[in-house]
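Right, one structure below, let's go through it.
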Amino acid sequence: MAIPVDREQVQRLLSEDAQLVEVLPQAEFEDEHLPGAINIPLKDLDHERVAGLDRTRPVIVYCYDYQ
Amino acid sequence: MSPRAASRLESLGFEQVYDYVAGKADWGSSGLPLAGAEGSETRVGAHVRTDVPNCRANDRLQDVCKHLEESGWDTCFVLDEGGVVLDEGGVVLGRIGRRAIRGRADSSAEEAMTLGPSTIRPSARLREVVARMQGQNLTSLPVTTSDGRFAGLLTRADAEEALRALRR
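Sequences listed follow chains Z and Y, in order. Positions 1010 to 1076 (the working numbering) are the ones given, in order, by the first sequence. Positions 8 to 175 (the working numbering) are the ones given, in order, by the second sequence.
Take a look at the structure:
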């Protein structure tokens, strides 16, 4: 079960080399995203697209808000 | 959407998955930078003045007045106890203009302040805020984070100049 985290926890995890993934569509990612994030839209979240992620490091996912 | 993405990642074999459920709306409204075509420079947070005077609710107006004269500003924000130093980001309780101070030197800031001034978030889009300021003839708007803490003041002159620079 994924662990819900708040803003402070995100900052701490990023300082510990976590990976940050925005799961919104590409156009929304290009408009604005958290610094250092990569974009893998939810619809495209498959084995091929996650191949670039390091499984030994934490992964933080986010979208716009609580939607 | 992010809970589904987190669940999907786990089904793909990832074991250390975290879900930032409040997302980039929370990140931006707290004043943290955003990258991208609509990144920080197009947002209010990059253009706020942080040298605006602030005081506590029980401060005397004569001191507030002195503070205003020394700083050159004509407005002061009344912050809760945490806000004496701006970096600590006190919660905005009210706003006092020079006019409200006249002839009330012995009153407290709390007695003279306008309660609950209208505020905007650091992540608000500059072009939308400028349109609002022009439409409502506002010369400035206080900027607060999503938890009500004072981030600074956006003046219309600064906002209009920043927007012109972005369009060049």
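Cβ coordinates follow ideal geometry from the N, Cα and C atoms, glycine included.
Chain-ordered residues of the segment 51-68 of chain Y with a beta carbon less than 7 Å from chain Z: Hits within the stretch: zero.
Where residue 91 (chain Y) falls: helix, strand or coil (DSSP): Reading the second sequence from its first residue, position 84 is the one you call residue 91 (chain Y). Annotation note: pLDDT 45 at residue 91 (chain Y) (below 50); position unreliable, coordinate value reported separately. Coil at residue 91 (chain Y), not helix or strand.
Contact under 8 Å by Cβ, residue 128 (chain Y) with residue 119 (chain Y): The residue given as residue 128 (chain Y) occupies position 121 in the second sequence. The residue given as residue 119 (chain Y) occupies position 112 in the second sequence. It is not a contact, given that the beta carbons lie outside the stated cut-off.
When Y:158, Y:71, Y:151, Y:144 are compared against residue 167 (chain Y), the one with the closest alpha-carbon: Translated into the one-based positions of the second sequence, residue 167 (chain Y) becomes position 160. Ranked by how close their Cα comes to the Cα of residue 167 (chain Y), the residues Y:158, Y:71, Y:151, Y:144 have Y:144 in first place.
Below-8 Å beta-carbon distance, residue 80 (chain Y) vs any chain Z residue: On the second sequence, position 73 is the one that residue 80 (chain Y) refers to. No, no contact with chain Z.
Beta-carbon gap between residue 1056 (chain Z) and residue 19 (chain Y) smaller than 8 Å: To locate residue 1056 (chain Z), count along the first sequence from 1; it is residue 47. To locate residue 19 (chain Y), count along the second sequence from 1; it is residue 12. Closer than 8 Å, so yes.
Within-8 Å CB hit, residue 91 (chain Y) to chain Z: Within the second sequence, numbered from 1, the residue matching residue 91 (chain Y) stands at position 84. Confidence is the limiting factor: at residue 91 (chain Y) the pLDDT is only 45, short of 50, which leaves the residue's position unreliable, though a coordinate-based value still follows. No, because no Cβ of chain Z sits closer than 8 Å to the Cβ of residue 91 (chain Y).
Contact check, residue 46 (chain Y) vs residue 152 (chain Y), beta carbons under 8 Å: By 1-based counting over the second sequence, the position of residue 46 (chain Y) is 39. By 1-based counting over the second sequence, the position of residue 152 (chain Y) is 145. In terms of Cβ geometry, residue 46 (chain Y) and residue 152 (chain Y) do not form a close pair [threshold 8 Å].
Cutoff 8 Å: residue 1053 (chain Z) Cβ touching any chain Y Cβ: As a first step, residue 1053 (chain Z) must be located in the first sequence, where it is residue number 44. Not an interface residue.
Unbroken stretches of the beta strand (DSSP E), 3 residues or longer, contained in the segment 94-171 of chain Y: Every beta strand (DSSP E) stretch that sits fully inside the segment 94-171 of chain Y and reaches 3 residues is listed by chain position as 99-104, 147-151, 157-162.
CB contact below 8 Å: residue 1026 (chain Z) versus chain Y: Translated into positions along the first sequence, residue 1026 (chain Z) becomes position 17. By this cut-off, residue 1026 (chain Z) is not an interface position.
Any chain Z beta carbon closer than 8 Å to residue 129 (chain Y): In the second sequence, counting from the first residue as 1, residue 129 (chain Y) sits at position 122. Interface with chain Z (8 Å Cβ-Cβ cutoff): residue 129 (chain Y) is excluded.
Exposure label - residue 92 (chain Y); buried when at least 16 CB within 10 Å: One-based indexing of the second sequence puts residue 92 (chain Y) at position 85. Only weak support exists for where residue 92 (chain Y) lies, its pLDDT of 44 falling under 50; the value from the coordinates is given anyway. So residue 92 (chain Y) ends up on the exposed side.
C-beta contact flag for residue 150 (chain Y) and residue 126 (chain Y) at 8 Å: Here residue 150 (chain Y) refers to the residue found at position 143 when the second sequence is read from its first residue. Here residue 126 (chain Y) refers to the residue found at position 119 when the second sequence is read from its first residue. In contact: residue 150 (chain Y) and residue 126 (chain Y) (Cβ atoms closer than 8 Å).
3 or more residues per run - each beta strand (DSSP E) lying fully within the segment 1036-1075 of chain Z: Taking only runs of at least 3 residues, the beta strand (DSSP E) segments lying wholly in the segment 1036-1075 of chain Z are 1068-1071.
Under 7 Å by beta carbon: chain Z residues contacting residue 21 (chain Y): Taking the first residue of the second sequence as 1, we reach residue 21 (chain Y) at position 14. Simply 1064, 1068.
Buried or exposed by the 16-neighbour rule on C-beta atoms within 10 Å, applied to residue 146 (chain Y): Looking up residue 146 (chain Y) in the second sequence gives position 139. It counts as exposed.
Anticipated Cβ contact below 8 Å, residue 1070 (chain Z) with residue 26 (chain Y), distance rounded: As a working mapping, residue 1070 (chain Z) is identified with position 61 in the first sequence. As a working mapping, residue 26 (chain Y) is identified with position 19 in the second sequence. Distance from residue 1070 (chain Z) to residue 26 (chain Y) at the Cβ level is roughly 6 Å; contact confirmed, criterion being Cβ atoms closer than 8 Å.
Beta-carbon contacts of residue 40 (chain Y) that lie in its chain and below 6 Å, excluding the five residues immediately before and after: The residue you call residue 40 (chain Y) lines up with position 33 of the second sequence. Excluding sequence positions up to five before and after residue 40 (chain Y), its CB lies within less than 6 Å of the CB of 47, all in the same chain and listed in chain order.
Neighbour flag for residue 26 (chain Y) against chain Z, beta carbons, 8 Å: As a working note, residue 26 (chain Y) is residue 19 in the second sequence. Interface residue (Cβ-Cβ distance to chain Z less than 8 Å): residue 26 (chain Y) is classified as such.
Where residue 24 (chain Y) sits in the DSSP three-state scheme: On the second sequence, position 17 is the one that residue 24 (chain Y) refers to. Strand, per DSSP.
Counted within 10 angstroms of its Cβ, other Cβ atoms place residue 65 (chain Y) as buried (16 or more) or exposed: Locating residue 65 (chain Y) in the second sequence gives position 58, counting from the first residue. Burial call: exposed.
For residue 69 (chain Y), the nearest candidate out of Y:124, Y:106, Y:137, Y:157 (CA to CA): On the second sequence, residue 69 (chain Y) is found 62 positions in, with the first residue counted as 1. Of the listed residues, the one whose Cα sits closest to residue 69 (chain Y) is Y:106.
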